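Novice:
Residue numbers (our numbering): 9 to 460.
#1: So residue 346 and residue 394 are supposed to be a Cβ contact under 8 Å. How far apart are they, rounded?
#2: From the DSSP secondary-structure annotation, give me the bridge partner or partners of residue 171.
#3: Output the distance between the C-alpha atoms of residue 392 and residue 256, rounded to the nearest integer angstrom.
#4: So what does DSSP say about residue 115, is it helix, strand or coil?
#5: Please classify residue 47 as buried or exposed, where buried requires at least 16 neighbouring CB atoms within 10 angstroms.
#6: Along the alpha helix (DSSP H) that carries residue 215, what are the first and last residues, could you check?
#7: Is the region 371 to 382 in contact with the region 394 to 403, if contact means three or more CB pairs nearer than 8 Å?
#8: Based on the DSSP secondary-structure assignment, which residues constitute the bridge partners of residue 28?
#9: In chain order, what residues of the same chain lie with their CB nearer than 8 Å to the CB of residue 329, ignoring the 5 residues before and after it?
#10: Go ahead and label residue 406 buried or exposed: buried means 16 or more other beta carbons lie within 10 angstroms of its beta carbon, across all protein chains shown.
#11: Starting from the C-beta of residue 442, find all residues in its chain whose C-beta is less than 8 Å away, skip the five residues before and the five after it, and write them out in chain order.
#12: How would you write the range of the beta strand (DSSP E) that residue 421 sits in, first residue to last?
#13: Which residue wins for smallest C-alpha separation from residue 130, given the options 77, 314 and 98?
#14: Alpha carbon to alpha carbon, what distance is there between residue 303 and residue 287?
#15: What whole-angstrom Cβ distance do residue 216 and residue 182 have, given they're in contact under 8 Å?
#16: Tell me the residue span of the beta strand (DSSP E) that contains residue 239.
#17: Would you identify the three-state DSSP class for residue 338, choosing helix, strand or coil?
#18: Buried or exposed: residue 213, going by 16 or more other Cβ atoms within 10 Å of its Cβ?
#19: Nearest-angstrom Cα distance between residue 99 and residue 292?
#20: Within its chain, find whatever has a CB closer than 6 Å to the CB of residue 370; leave out the 5 residues flanking it on each side and keep chain order.
#21: What is the DSSP secondary structure of residue 64, reduced to helix, strand or coil?
#22: Considering only residues of the same chain and omitting the five flanking positions on each side of residue 101, which have a CB-CB separation below 8 Å?
#23: My output table needs one value for residue 42: the three-state DSSP class, helix, strand or coil.
#24: Under three-state DSSP, which class holds residue 291?
#25: Could you tell me which of 428, 236 and 268 sits nearest to residue 137, measuring between CA atoms?
#26: With a cut-off of 8 Å on the beta carbons, I'd call residue 331 and residue 351 a contact; round off their distance for me.
#27: How many angstroms separate the CA atom of residue 37 from the CA atom of residue 357?
#28: I think residue 239 touches residue 144, with their Cβ atoms under 8 Å apart; what is that distance to the nearest whole Å?
#29: Opposite residue 426 in the DSSP bridges: which residues?
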């Protein structure tokens, strides 16, 4: 392998796909607080977790094993696109006139277009292995739903997706892709669940949120003994599966003889941030000078505006109570195009490292992140997802800071997904019609949607 510092792309051979997931739990400064059962007010039981998730996921959720072997069928499926390249953003560096090096881990090579397939394949594999016939999930922008739809098809499972109503209308193409892969997709809130009907009775134009979609998904899981919940971001096991990203980045940086000064990722709950940055956390705890930066939307910014406390993962409070940074489970974020970041709270592990002072967070308004994404597309040629644009905005800020101080820093960010199905949003931005927060009327449901 070429060790030249002039390399602008590092590819690992397919036999270097990680063989294990890295579990950050034993390396955290302290263990997260236990999940609580809303009905009893006591810590959740094994039975509670196994009724909600597949057995394997319930076990991984609280596992204290540092390394968990990736099952061969999952690792084989990873070969569809892993390892992913680490690419240097040379044209962006030039445009900004920064002495820093900017590298991005390009997760958009996956068939579903984002990092989400790393965990989707694992969750579908274990559900099938544990004898379940169906998974139920929520999705915001549709990146997770799309990944899980493909994973369920490959592993032989049925899938029901509750898609946040605002995104269901804003992003019909993601829905079409999920349906093409064989999933059933319903808008949330919708009239197929008791919880959805209640919300629509209160507000027929409810835009929905990840929290409403989770509540509807949980209701369906409890109604069907063969079904289990799959989650795209919040849970420990989901962040665990994504650590293949950070493990590859470590190897790739070794190849070019650089170590990261900044690790930057967008955050809704934290699936790509956790997967990308957790494998470096031990270095940081051992004194390495690494800044981990979470970039979130101004319209929904739990890490910068929320508080660290007990809250529920879903709007109805049916799921477990967890400690993390939250804006409150009844908070309904205004519609923005980064649907995947419209979540009221962070993954408990992400909340914990923020609370322990190991994570910095910044929040940006929508127009600023689209400006950053457009600049990236015009310099590098890649069109980022609106979620990814948040990370790029933070990268530009750090690169400009390095220009002022003359610092030859290594800035690495997670390019979590492409924006080819988000052109509606780019069209609005290009036309000058994109606002920092979209008006409610932009997502008012048409008559055809009330039937599920």
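Heads up, the beta-carbon is just placed ideally off N, CA and C, and yes, glycines get one too.
All figures in this text were calculated on a predicted structure; none of them were measured in a lab.
Specialist: From the atom records:
#1: Indeed they touch by this definition, with Cβ atoms about 4 Å apart.
#2: Note: residue 171 sits in a beta bridge opposite 147 and 195.
#3: Roughly 21 Å separates the two Cα atoms.
#4: If DSSP states are grouped into helix, strand and coil, residue 115 belongs with the helices.
#5: Exposed is the call here.
#6: Taken as a continuous stretch (DSSP letters only), residue 215 belongs to no alpha helix (DSSP H), as it is neither H nor E.
#7: A contact is defined here as three or more CB-CB pairs under 8 Å, and the region 371 to 382 meets this definition with respect to the region 394 to 403.
#8: Residue 28 is bridged by DSSP to 77.
#9: If you ignore the 5 residues before and after residue 329, its C-beta comes within less than 8 Å of the C-beta of 43, 44, 45, 46, 318, 319 and 320, all in its own chain and listed in chain order.
#10: Counting every other CB atom within 10 Å of its CB across the protein chains shown gives residue 406 a total of 16 or more, marking it as buried.
#11: The residues are 345, 374, 375, 378, 433 and 436.
#12: Segment 418 to 423, the beta strand (DSSP E) holding residue 421.
#13: When each option's Cα is compared against that of residue 130, the closest is 77.
#14: When rounded, the distance between both Cα atoms is 19 Å.
#15: About 14 Å separates the CB atoms of residue 216 and residue 182; that is not less than 8 Å, and the two are not in contact.
#16: Here residue 239 belongs to no beta strand (DSSP E), and DSSP marks it neither H nor E.
#17: Look at residue 338 here: in three-state DSSP terms it is coil, with no helix or strand label.
#18: The residue is exposed, with fewer than 16 neighbouring Cβ atoms inside 10 Å.
#19: In a straight line, the C-alpha of residue 99 is about 30 Å away from that of residue 292.
#20: 303 and 402, listed in sequence order.
#21: Helix, per DSSP.
#22: Sequence-distant partners of residue 101 (beyond 5 residues in either direction) whose C-beta falls short of 8 Å from its own C-beta, in its chain, are 108, 109, 110 and 407.
#23: In this structure, residue 42 counts as coil in the three-state DSSP scheme.
#24: Under the three-state reduction of DSSP output, residue 291 falls in the helix class.
#25: For residue 137, the closest C-alpha among the options 428, 236 and 268 is that of 236.
#26: Rounded to whole angstroms, the Cβ separation of residue 331 and residue 351 is 16 Å, and the two are not in contact under 8 Å.
#27: Roughly 11 Å between the two C-alpha positions.
#28: Actually they are not in contact, since the Cβ atoms of residue 239 and residue 144 sit about 10 Å apart, beyond 8 Å.
#29: DSSP, once it has assigned bridges, lists 392 as partnering residue 426.
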